[in-house]
Every structure is written in structure tokens, then in C-alpha cells.
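Data first, discussion second: the structure below is written as C-alpha cells.
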Amino acid sequence: SQQGEEDPQALSIQEGENATMNCSYKTSINNLQWYRQNSGRGLVHLILIRSNEREKHSGRLRVTLDTSKKSSSLLITASRAADTASYFCATDPYSGAGSYQLTFGKGTKLSVIP
Amino acid sequence: ETGVTQTPRHLVMGMTNKKSLKCEQHLGHNAMYWYKQSAKKPLELMFVYNFKEQTENNSVPSRFSPECPNSSHLFLHLHTLQPEDSALYLCASSQDPGQRSQPQHFGDGTRLSIL
Chain C
1 SQQGEEDPQA LSIQEGENAT MNCSYKTSIN NLQWYRQNSG RGLVHLILIR
51 SNEREKHSGR LRVTLDTSKK SSSLLITASR AADTASYFCA TDPYSGAGSY
101 QLTFGKGTKL SVIP
Chain V
1 ETGVTQTPRH LVMGMTNKKS LKCEQHLGHN AMYWYKQSAK KPLELMFVYN
51 FKEQTENNSV PSRFSPECPN SSHLFLHLHT LQPEDSALYL CASSQDPGQR
101 SQPQHFGDGT RLSIL
């Protein structure tokens with residue numbers, strides 16, 4: 001079953017602007033990860049934030065996590081045309097079964113216009 | 001270069017054919033995964049292998065048969081597929097299956113089209 005859901009489904013911005021994508025999930029998690037997928041390619045891991053963390057930075061990326069609202073946001077600052085891609089959040093909910101499964105949302109398709 | 005290589009990149013097959021997808025990881029990881037990515041659907045986990053042993057089979061039809069001969073190689077054998085099986089099939093790996101909070105490394109996928 002789908003755990004994470006990204007919002008918006010599509011986002012179009014001008015180069016240099018900031019892009020914000022949101023992710024909501026349903027059950028308690030161990031961590032939340034963000035991935036990027038360029039057209040015709042596989043997913044690339046961007047950043048992982050643990051359930052006891054509230055904010056994390058990596059270069060132009062800023063991720064926040066609000067476990068009380070079961071939501072996360074990914075902010076890309078000073079966007080570039082090369083940031084054009086689909087962005088997915090993935091959660092690692094408690095399964096109780098000892099196995100490790102990531103569940104992904106449908107993604108946000110970001111277009112950065114030069 | 002992600003360290004995970006999938007072949008072939010594209011595959012067109014009829015419903016009665018038998019073919020195999022191959023995945024190889026050069027990262028020294030111990031867990032490998034098969035995912036199915038269809039248009040407008042979330043990524044679906046199909047199979048998980050930890051230290052060559054299958055630990056997850058998410059209700060995948062028997063026309064998909066995985067094989068993991070060692071920790072570096074993963075295959076997906078295809079037989080008598082249906083048109084709805086057309087999708088991008090992604091392989092991924094992670095370092096230690098016992099550690100829950102780990103990134104996964106993906107290959108670029110095999111685009112499968114069933115005629």
C-alpha cells in the first residue's frame with residue numbers, strides 16, 4: 001500500500017527560483033528519504049532524515065520532517081535547469097517483521113525553465 | 001555511474017517468450033531488490049534478497065521468477081507475460097539488510113514492452 005504521497009504532482013518554475021515539494025505519510029516511520037529520477041534513468045538517493053531529526057541540509061537541498069503532522073518537505077534553492085527531474089519521498093515504516101522495505105510515493109515532476 | 005548495472009536497457013517481447021533481466025552491483029552490498037515502475041503508479045517492490053536469500057515476495061505473479069546466485073548478481077526470469085507487465089523494471093542494492101536506515105542504489109532499469 002502507498003505510504004508516502006508527494007504534493008504537488010507537477011511543478012514548473014524559472015531557473016534561480018526555489019522549489020518546494022511536500023510529502024505526507026500515514027504510519028510511524030524510522031526514517032524518510034528523498035530520491036531524484038531523471039527521465040529514462042534510475043532513482044538517485046538525495047538525502048535521508050531520521051525520525052528524531054527535524055531538519056537536514058545537503059548543498060542546495062533542505063529537508064524538514066514533522067512527525068506530528070506526518071509530513072516532510074524538500075526545498076531546492078536557486079534551482080537550475082539540471083534539477084529538472086521527478087522527486088520521490090520514500091518511507092521506512094515499522095513493519096514488525098524484521099525486514100526492510102521502502103515505500104515510495106508517485107513523485108513530483110519538477111520542470112526548471114532556463 | 002551508480003555502481004548498479006542492468007541489462008538489457010530495453011526489451012520487447014511477445015507474451016509467449018521467455019527472457020531474463022540481469023542486474024549486477026559493484027558496491028559490495030548484501031541486499032538486492034527488484035522494483036516495477038509503471039506510469040502514474042508508485043514504485044512497487046517485487047522481491048528482496050538478503051545475503052542471497054529471498055526475504056520478500058510481494059504477491060508477485062509466478063510468471064516473474066527471481067534468482068540470486070550471489071550477492072552481486074540478481075536476475076528476473078520472465079515467462080508468459082501479460083500486456084500490463086509492460087513497465088520499467090528497476091534493480092537496487094543496499095549495504096546491510098539488517099540496518100533499516102540505509103539509502104538504496106538503483107540501476108537505470110530495463111524498459112520492458114509486451115506485445
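Protein chains in written order, with our numbering: chain C, 1 to 114; chain V, 1 to 115. Yeah, the Cβ is synthetic: ideal placement off N, Cα and C, and Gly gets one too.
Quiz item: Is residue 59 (chain C) close to chain V, meaning its C-beta is less than 8 Å from at least one C-beta of that chain?
Solution: no
Practice problem: In the DSSP assignment, find the unbroken beta strand (DSSP E) run with residue 29 (chain V) in it and report its ends. | Solution: Residue 29 (chain V) -> no beta strand (DSSP E), and no H or E assigned at all.
Quiz prompt | Residues near residue 55 (chain C) by beta carbon distance below 6 Å, same chain, minus five either side | solution = 64
Quiz item: Does residue 109 (chain V) come within less than 8 Å of chain C when only Cβ atoms are used?
Solution: yes
Quiz item: By Cβ distance below 6 Å, which residues in the same chain neighbour residue 33 (chain C) in space, the five residues on each side in sequence not counted?
Solution: 48 and 90, listed in sequence order.
Self-check item: Pairwise C-alpha distance: residue 80 (chain V) and residue 17 (chain V)
Solution: 6 Å
Exercise. Assign residue 82 (chain C) to one of three DSSP states: helix, strand, or coil.
Key: helix
Quiz prompt | Residue span of the beta strand (DSSP E) that contains residue 58 (chain C), given as start and end | solution = Element bounds for residue 58 (chain C): 55–58.
Quiz item: The beta strand (DSSP E) spanning residue 50 (chain C) covers which residue range?
Solution: Run containing residue 50 (chain C): 43–50, per the beta strand (DSSP E) assignment.
Practice problem: Look up residue 8 (chain V) in the DSSP assignment and say whether it is helix, strand or coil. | Solution: coil
Quiz prompt | Closest by C-alpha distance to residue 91 (chain V), when choosing among V:59, V:28, V:47 and V:64 | solution = Minimum Cα distance to residue 91 (chain V) is reached at V:47.
Self-check item: Buried or exposed (CB count within 10 angstroms, at least 16 for buried), residue 108 (chain V)
Solution: Per the 10 Å Cβ criterion, buried.
Quiz item: Where are the beta strand (DSSP E) runs, 3 residues long or more, that stay fully inside the stretch 34–101 of chain V, in chain order?
Solution: 44–50, 53–57, 64–70, 73–79 and 87–94
Quiz item: Nearest to residue 75 (chain C) by alpha carbon, out of C:108, C:109, C:26 and C:21?
Solution: Between residue 75 (chain C) and the set C:108, C:109, C:26 and C:21, the nearest pair of CA atoms involves C:21.
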